[in-house]
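Each remark here refers to the structure printed beneath this line.
In full-length UniProt numbering, the protein residues as written are 1 to 121.
As structure tokens, then:
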């Protein structure tokens with residue numbers, strides 16, 4: 001059975017979690033964005049000195065650490081979206097459409113160039 005992410009449910013759970021611990025005072029957008037950056041750096045650190053091949057074949061401990069860091073990133077992102085009243089699903093849909101426009105298949109297929117470097121022949 002396919003799982004779906006219920007962002008609203010997680011926003012409520014994280015809000016309750018913070019309130020129960022009197023952490024809401026620390027959960028302003030600046031602090032949450034900084035915490036999100038720290039967690040992203042912790043994820044990067046796992047892969048920092050691995051080869052491309054090693055990064056695709058993580059050992060059990062590295063995979064567990066990666067899973068935890070990805071969850072931390074998602075939790076902070078959801079909490080930040082809640083604080084800023086950003087509808088993540090709507091934002092994701094809009095940004096996906098922007099990216100489709102920036103990277104048309106006929107120009108972007110098989111290249112890692114930035115959208116500003118793509119040119120039609």
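Think of the CB as a built atom: it goes at the ideal place given N, C-alpha and C, for glycine as much as any other residue.
Where residue i sits in the DSSP three-state scheme
i	result
residue 10	helix
Cut-off 7 angstroms between Cβ atoms - residues of its own chain near residue i, not counting five sequence neighbours on either side
i	result
residue 102	115
residue 72	39
residue 100	none
Cutoff 8 angstroms; reference residue i; Cβ partners in own chain excluding five residues on either side
i	result
residue 14	75, 78, 79, 82
residue 87	81
residue 32	76, 79, 80, 83
For residue j and residue i, the rounded distance between their alpha carbons
i	j	result
residue 52	residue 46	12 angstroms
residue 70	residue 42	9 angstroms
residue 27	residue 20	13 angstroms
residue 7	residue 89	8 angstroms
residue 64	residue 55	13 angstroms
residue 68	residue 113	31 angstroms
residue 44	residue 62	12 angstroms
residue 98	residue 105	13 angstroms
residue 10	residue 16	10 angstroms
residue 136	residue 66	Given that the chain is displayed from residue 1 to residue 121, the structure contains no residue 136 and the question cannot be resolved.
residue 111	residue 2	32 angstroms
Proximity test, Cβ basis, 7 angstroms: residue i and chain B
i	result
residue 104	In the structure shown, chain B does not exist; there is a single protein chain.
Unbroken alpha helix (DSSP H) runs of length 4 or more, entirely within the region 61 to 118: which are they?
Those alpha helix (DSSP H) runs which fall completely within the region 61 to 118 and span 4+ residues are 88 to 102, 105 to 108.
Any beta strand (DSSP E) of 3 or more consecutive residues that is wholly inside the region 15 to 66
Runs of the beta strand (DSSP E) inside the region 15 to 66: none found.
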